[in-house]
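Input: a single structure, listed below in structure tokens.
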Amino acid sequence: MVEYHDGAVIAQISPPDMRLPIALGLAWPDRLPGAARAFDWSRPHDWRLMPLDDEAFPAVALARQVGRAGGSAPAVYNAANEICVERFLAGRLPFLAIVDTVAQVVAELGGSAVGSIEEIRSADAWARTRARELTATH
């Protein structure tokens, strides 16, 4: 859901399946036909919208923080997260260490201003290297 400054909220509704958001990301601004199954409006659904529990989902709070910081912070967050998830999937990093490691990498570089794609790529590369260093001992 996206909340606009006029108070309107627009929701993207689909069955829970990552194929649709991935297809949207890959094809933007176009939409790929058949990327995911259609929502079945012929049967009832129970939607419970509850406030996000920042304690249970600390990665979201960190993502908000880096979004507000801007600059290189979102690229650093993403790069460190990708390395940590890669290490987790390989059985080399505990799940609960992912957010702590990403937060440490983000804190070390901060949200330095960026003026070019080369600076973003440099921040990305630095974050990947630093995340690898921090997770090497797990």
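Under the working numbering, the letters of the sequence shown match residues 25 to 162, in that order. Ideal Cβ positions, reconstructed from N, Cα and C, are used throughout, including at glycine.
Let's see if you can read the secondary structure: which residues bound the alpha helix (DSSP H) around residue i?
| i | result |
| --- | --- |
| Asp124 | 121 to 133 |
| Gly94 | Note, Gly94: premise wrong, no alpha helix (DSSP H); not H, not E. |
| Arg43 | 43 to 51 |
Tell me the DSSP secondary structure of residue i in three-state form.
| i | result |
| --- | --- |
| Val33 | strand |
| Val138 | coil |
| Glu106 | helix |
| Glu157 | helix |
| Glu143 | helix |
To the nearest whole angstrom, what separates the beta carbons of residue i and residue j, a pair I think is in contact under 8 Å?
| i | j | result |
| --- | --- | --- |
| Tyr101 | Ala87 | 6 Å |
| Ala147 | Ser66 | Going by Cβ atoms, the distance from Ala147 to Ser66 rounds to 48 Å, so no, they are not a contact pair. |
| Pro82 | Val123 | 5 Å |
| Ala104 | Ala151 | 5 Å |
| Arg43 | Ala60 | 5 Å |
| Thr165 | Leu117 | This structure leaves residue 165 out entirely; the chain is present only between 25 and 162. |
Please find out if some non-hydrogen atom of the ligand NAP comes closer than 7 Å to the beta-carbon of residue i.
| i | result |
| --- | --- |
| Ala47 | Looking for the ligand NAP in the displayed structure turns up nothing, as the structure carries no ligands at all. |
Does the region 119 to 137 come into contact with the region 150 to 159, if we say contact requires no fewer than three beta-carbon pairs (one atom in each stretch) closer than 8 Å?
Short answer: they touch.
Assess contact between the region 66 to 82 and the region 46 to 55, defined as three or more Cβ pairs (one per stretch) separated by less than 8 Å. Is contact present?
Two segments are said to touch when three or more pairs of C-beta atoms, one from each, lie closer than 8 Å; by this definition the region 66 to 82 does not touch the region 46 to 55.
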